[in-house]
Amino acid sequence: MGLTTKHIQLWLQKTNEKIQENKTYLTELDQAIGDGDHGINMARGFEEAIKKTAESDYESPSDLLKDWAMTLISKVGGASGPLFGTAILKMSMSVKGKAEINYAELTTAFEEALAGILQRGHAAENQKTLVDVWSPIVRFLQENTAFDSAAFTNQAKEAMEQTKDMQAEKGRAAYLKERSIGHIDPGSASSFYLLQSLSEVIEKEGVTV
Amino acid sequence: MGLTTKHIQLWLQKTNEKIQENKTYLTELDQAIGDGDHGINMARGFEEAIKKTAESDYESPSDLLKDWAMTLISKVGGASGPLFGTAILKMSMSVKGKAEINYAELTTAFEEALAGILQRGHAAENQKTLVDVWSPIVRFLQENTAFDSAAFTNQAKEAMEQTKDMQAEKGRAAYLKERSIGHIDPGSASSFYLLQSLSEVIEKEGVTV
Amino acid sequence: MKKLINDPNNVVEEMMKGMAAAHHDVLKHVPDTAVLTRVERTAGKVGIVSGGGSGHEPSHAGFVGKGMLDAAVCGPVFTSPGPDQVLEGIKAADSGAGVLLVIKNYSGDVMNFEMAMELAEMETITVDKVIVNDDVAVEDSTYTTGRRGIAGTVFVHKIAGAKAETGAPLAEVKASAEKAIRNVRSMGMALSACTIPAAGKPGFEMAENEMEIGMGIHGEPGIERTLLKTADEVAEELISKILQDGVHKSGDEVAVMINGLGSTPLMELYILNGKVSDILEEKGITVYKTFVGEYMTAIEMAGCSVSLLKLDDELKELLDAPAHTTAFRM
Amino acid sequence: MKKLINDPNNVVEEMMKGMAAAHHDVLKHVPDTAVLTRVERTAGKVGIVSGGGSGHEPSHAGFVGKGMLDAAVCGPVFTSPGPDQVLEGIKAADSGAGVLLVIKNYSGDVMNFEMAMELAEMETITVDKVIVNDDVAVEDSTYTTGRRGIAGTVFVHKIAGAKAETGAPLAEVKASAEKAIRNVRSMGMALSACTIPAAGKPGFEMAENEMEIGMGIHGEPGIERTLLKTADEVAEELISKILQDGVHKSGDEVAVMINGLGSTPLMELYILNGKVSDILEEKGITVYKTFVGEYMTAIEMAGCSVSLLKLDDELKELLDAPAHTTAFRM
Ligand SMILES: Nc1ncnc2c1ncn2[C@@H]1O[C@H](COP(=O)(O)OP(=O)(O)O)[C@@H](O)[C@H]1O
Ligand SMILES: Nc1ncnc2c1ncn2[C@@H]1O[C@H](COP(=O)(O)OP(=O)(O)O)[C@@H](O)[C@H]1O
Ligand SMILES: [Mg+2]
Ligand SMILES: [Mg+2]
Ligand SMILES: [Mg+2]
Ligand SMILES: [Mg+2]
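Residue numbers (my numbering), protein chains in the order written: chain A, 211 to 419; chain B, 211 to 419; chain C, 3 to 332; chain D, 3 to 332.
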């Protein structure tokens, strides 16, 4: 069995838990090289997404992803709202009509999500943004044929950690130039929580993708 | 020989020295129960008085006292400017026409100075203002017949210290009500420096009043 | 002390210079004085002069201009200017119809302005005065110094200035100003202290979890030092103390001023106003106009004051009359 | 954190409420949105919408009113509002002649406002945009995020708003706004940090003897962290960096804005202006008008920015045109 609506719901819940737990940490990352609101923004948006998606019974992963995405777009704000919102929205569009999502479909969904992020943010790799987590993770999915939870999480974590040594060229951290080096990019950190949560759901629920 | 123009000049100089030396202390007294500018005000005014009176050769104590007074009135500002200015101005008027000032004349000059202060400030004794130094010192002069430097200084000091236990009813300290108790009144402290300086000049110069 | 200044002993002079440079269409500096005066004079009008210690910007020079003050006298920080400077203000404002001094009730201000009146009379200028004492945080007593003048003074400037602009004689201008004084009450609070530049350190200390209710505009305390409260609680306390004074009652119409003391963000002042407007509605008091911003500050103190001015037809008309100053526009 | 608030998560809603209550003659809150819009509409006029994160008060809602903005969208503190709220602003501002968005150049603002444009187009509202990037503290580069929009944005609001008020079509309003953007340059500095209410602690730390030159309005740093300098030195640095950009030259006429970031006393801003006006005179640049005050703040940050807008006849006329907003009056 691939990823079902239920698994998407669990994914959202787990991500939300991690975001709420790490709200202060994410905000501190953003205080170091941005304007210090990233944890607050993500926590507000995910809390609202939980509330919103609790209102309905969803027929398909796509429907659930859509409400999740639209809530992020509306409630996160800042740079991360449009970016995370667009990513999830593109996934929703990508898996439209499917009751379950298999590995190939998941890979395509991530490809589309990344394309959405790139189009919205006009950022490229190595500019110290969440692109630096999403790009490697898409390559990782493309290079494999089945989901390896541990390896997936590892890849995401490594990518996030690598943003530490980069000099920012997009987003607020870019104003710091060299002074941006030495700090993990906040958007990459929350991207890691999102990806780690997906990985945990797939492993714990015995999803076969 | 009584108090001459030269002695008045020395009095002003000595007072100025003490005010400048204790500028921070006077300001701190005013920070505790006022608005924290008393030392600044007095230091500015006395510095200007020194400058102003250095410009001319004075014929009489009265002329010198007048320029001293007018400079204080103009440059000290706040509550203390009109009060110290009026006090010195009244002295100037009181000793008009005299080349030297004897004990009786000095006593009268102080009486007039106090009257000026009372009329200007509408304060009475025991309201924790400089009146609480000037009133006892006038009584002290009235009760004696010759100037006793040590006793004069003592009397002024004691009067100043007694303001510590008073509750303020005039000036900014009045807003503190009970909380004004326990602090020396700033205007009384600078009055003490003025009186102590006079006493030192009389003693050091061997003035016979 | 962290300030964007050059020389702590020169702040007032440099401020006057920068202000005259910025607003030469509205005000000008009278050379060698502490006076900023109107550029555009209304001939034969009663002159309105205010002032006092500096550090309360935009008070008072920010209210110089058509419809408000004719001259502002800028003393040293928190220190009333001497009578000679007030006299310069009176001279600048006089155009033959006499001058009204709007004085805030502090010993220093009252003494210096009164001495200036005596000097002006010697120069045969007709001068009268009103003394503003709107701060209900302090007990009203004729025996003590009495109540302080705080931000409500700005309403008095507006009313007196508008009345003078009608060409009314000095006695009538004074009567309108006195009506405004009778009808205005204020109270303030503070979250932090302020630093007189020449003193170099804060006037007092307040713990991270404390506030002072009833704070004056020079850091003089008022009613109590308490633990930090919410904006809603602060609104309740300030308004209830103001209303206790008995001037503003159900059925009355008022103008409201939510005044920032220097470093309180406008956002916080508006949050406070949200509650103030609810409370007044509840009490049956109609808000005719609300002014939110920095009108009378205490250098960089964090905190605010609330002022209520009870209005009648005359005061409404005078409040609404045009004013063209750098800090108050109608 | 010492703030006069109720709930850190509710500051923007409560601010909007208090603002609408205070200024119901000028602006109103569109229910269930983050939008404050004009009460008095000019029919058939291009609508001007701005906004972004809150915490910059009076930006942007303080500029809603006749002659400036038709709607301001108030995001969470320092966080651009989402596209749905910007769309609400567009709808509130639209009266059939199209809408111009004035966006400050930050990734978040640009993305959210652009998404809103896409949504508006789906609802067949004509929308165009200009992006303000006046901050010379940041390198101008198309590869990176590029320059930030800071206080110079207020001049763009004024120019666009005045042009729209003439009944000009969207393309012309946009052209005037873009001319203002080409002609305006700014730079800021800070003496202290600020605290986002929901974060509860300052965004960064600065030692008692330090300042940051080139500070942005969200606490993003710019050029360098240096030892405390005098107001004159700061004026020199800000102006020289602005002039280096080559837009303002000897013989030009400019409007100057000395903008306080939140807790800098007006006195200090005027001291700075004294020097700024001297430097400009020295450089042969004529000051047409000067604006001193808080126009675009960073919550309670201490510091300032200086903006210069080069003027031609059109811009002068538009700058001088009437504006009736709560924070900008002409
Ligand atoms: N142009 C961009 N493209 C991709 N990601 C971006 C871009 N700009 C910013 N980001 C991401 O957004 C994060 C900041 O999000 P957040 O703090 O919520 O928004 P804001 O910067 O508006 O305050 C950054 O850490 C970065 O990962
Ligand atoms: N009404 C008054 N009568 C007599 N002395 C007064 C009166 N008001 C204030 N003072 C004196 O003035 C002193 C304060 O002076 P200063 O700090 O220079 O002025 P300000 O209070 O205007 O800041 C007080 O300590 C007190 O001695
Ligand atoms: Mg951020
Ligand atoms: Mg004092
Ligand atoms: Mg004083
Ligand atoms: Mg942000």
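Each residue gets a CB set at the ideal place from its N, CA and C atoms; glycine is no exception.
What you are looking at is a predicted structure, and each value in this text was computed from that prediction instead of being measured.
Closer than 8 angstroms to chain D by CB, residue i
{"i": "T418(A)", "result": "no"}
{"i": "A325(C)", "result": "no"}
{"i": "T299(C)", "result": "yes"}
{"i": "R331(C)", "result": "yes"}
{"i": "I229(A)", "result": "no"}
{"i": "G392(A)", "result": "no"}
{"i": "Q241(A)", "result": "yes"}
Within-8 angstroms CB hit, residue i to chain A
{"i": "P78(D)", "result": "yes"}
First and last residue of the uninterrupted beta strand (DSSP E) at residue i
{"i": "I215(D)", "result": "E212 to I215"}
{"i": "Y290(D)", "result": "T288 to G295"}
{"i": "T39(C)", "result": "V37 to R40"}
{"i": "L103(C)", "result": "V101 to K106"}
{"i": "L337(C)", "result": "Given that chain C is displayed from residue 3 to residue 332, the structure contains no residue 337(C) and the question cannot be resolved."}
{"i": "L29(D)", "result": "L29 to H31"}
Chain-order list of residues whose beta-carbon lies under 7 angstroms from that of residue i (same chain, five-residue window excluded)
{"i": "L274(C)", "result": "A233, V236, A237, I260 and C306"}
{"i": "G84(D)", "result": "N114"}
{"i": "M1(D)", "result": "Any answer about residue 1(D) is impossible in this case: the structure gives chain D only from 3 up to 332."}
{"i": "L193(C)", "result": "M213, A304 and G305"}
{"i": "T373(B)", "result": "K338, D342, I394, D395 and S398"}
{"i": "I218(A)", "result": "P271, L274 and L275"}
{"i": "S345(B)", "result": "L324 and E335"}
Close Cβ partners of residue i (< 8 angstroms) along its chain, the five nearest in sequence each way excluded
{"i": "G46(C)", "result": "S97, G98, A99 and G169"}
Any non-hydrogen atom of ligand 8 closer than 7 angstroms to residue i Cβ
{"i": "D245(B)", "result": "Ligand 8 is not among the ligands present in this structure, which contains only ligand 1, ligand 2, ligand 3, ligand 4, ligand 5 and ligand 6."}
Contacts of residue i in chain D (Cβ-Cβ under 9 angstroms)
{"i": "G57(C)", "result": "P267 and M269"}
{"i": "P60(C)", "result": "L268 and G295"}
{"i": "Q352(A)", "result": "The contacting residues do not exist; Q352(A) stays about 26 angstroms from chain D at best."}
First and last residue of the uninterrupted alpha helix (DSSP H) at residue i
{"i": "P85(D)", "result": "P85 to A95"}
Beta-carbon neighbours of residue i, restricted to chain D and to distances below 7 angstroms
{"i": "N275(C)", "result": "G20, A23 and A24"}
{"i": "T155(C)", "result": "Result: empty, since nearest Cβ-Cβ is about 17 angstroms, beyond 7 angstroms."}
{"i": "A289(A)", "result": "S109, G110 and M113"}
Interface partners of residue i on chain C, CB under 9 angstroms
{"i": "G326(B)", "result": "Per Cβ cutoff of 9 angstroms: no residues; G326(B) is ~11 angstroms from chain C at best."}
{"i": "E379(B)", "result": "S143, Y145, T146 and T147"}
Cutoff 8 angstroms: residue i Cβ touching any chain C Cβ
{"i": "N8(D)", "result": "yes"}
{"i": "P396(B)", "result": "no"}
{"i": "D420(B)", "result": "Absent from the model: residue 420(B). The displayed extent of chain B is 211 to 419, so no value can be given."}
{"i": "E269(B)", "result": "no"}
{"i": "Q237(B)", "result": "Reading the sequence as shown, one finds Thr at residue 237(B) and not Gln. It does: the Cβ of T237(B) has a partner Cβ on chain C nearer than 8 angstroms."}
Contacts that residue i makes with chain B (C-beta to C-beta distance below 8 angstroms)
{"i": "N185(C)", "result": "Simply none; closest approach about 23 angstroms."}
Cβ-based neighbour list, residue i, same chain, cut-off 6 angstroms, excluding 5 preceding and 5 following
{"i": "P408(C)", "result": "Residue 408(C) is absent from the model: chain C starts at 3 and stops at 332."}
{"i": "P205(D)", "result": "The question names Pro, yet the displayed sequence has Gly at residue 205(D). Hits under 6 angstroms: A195 and G221."}
{"i": "G295(B)", "result": "A279, L282 and I283"}
{"i": "K380(A)", "result": "A333, Q337 and T339"}
{"i": "K106(D)", "result": "G54, V134, G151 and T155"}
{"i": "A378(A)", "result": "K338, A384 and S390"}
Proximal residues of chain A, C-beta to C-beta of residue i below 7 angstroms
{"i": "E123(D)", "result": "Simply none; closest approach about 16 angstroms."}
{"i": "V140(D)", "result": "Y385"}
Proximal chain D residues relative to residue i, where beta-carbon distance stays under 8 angstroms
{"i": "S284(A)", "result": "G84, P85, D86 and Q87"}
Residue i: contacting residues in chain A (beta-carbon distance under 9 angstroms)
{"i": "P223(D)", "result": "Y385, L386 and R389"}
Under 8 angstroms from the C-beta of residue i: neighbouring residues of chain E
{"i": "I244(D)", "result": "Looking for chain E here will not work: the only protein chains present are A, B, C and D."}
Contacts that residue i makes with chain C (C-beta to C-beta distance below 8 angstroms)
{"i": "N251(B)", "result": "P78 and T81"}
- Task: Could you tell me which uninterrupted alpha helix (DSSP H) segments, each at least 4 residues in length, are contained entirely in the segment 246 to 291 of chain A, listed from first to last along the chain?
- Result: 248 to 264 and 271 to 285, all fully within the segment 246 to 291 of chain A.
- In chain order, which alpha helix (DSSP H) runs of at least 4 residues are fully inside the segment 212 to 284 of chain D? Listed in chain order, the complete alpha helix (DSSP H) runs (minimum 4 residues) inside the segment 212 to 284 of chain D are 233 to 246 and 268 to 284.
- Query: What are the start and end residues of each continuous beta strand (DSSP E) run of 3 or more residues lying completely inside the segment 142 to 175 of chain C, in chain order?
  - Reply: Those beta strand (DSSP E) runs which fall completely within the segment 142 to 175 of chain C and span 3+ residues do not exist here.
- Query: In chain order, which continuous runs of the alpha helix (DSSP H) of length 4 or greater are located wholly inside the segment 319 to 345 of chain A?
  - Reply: List check, alpha helix (DSSP H) in window: nothing returned.
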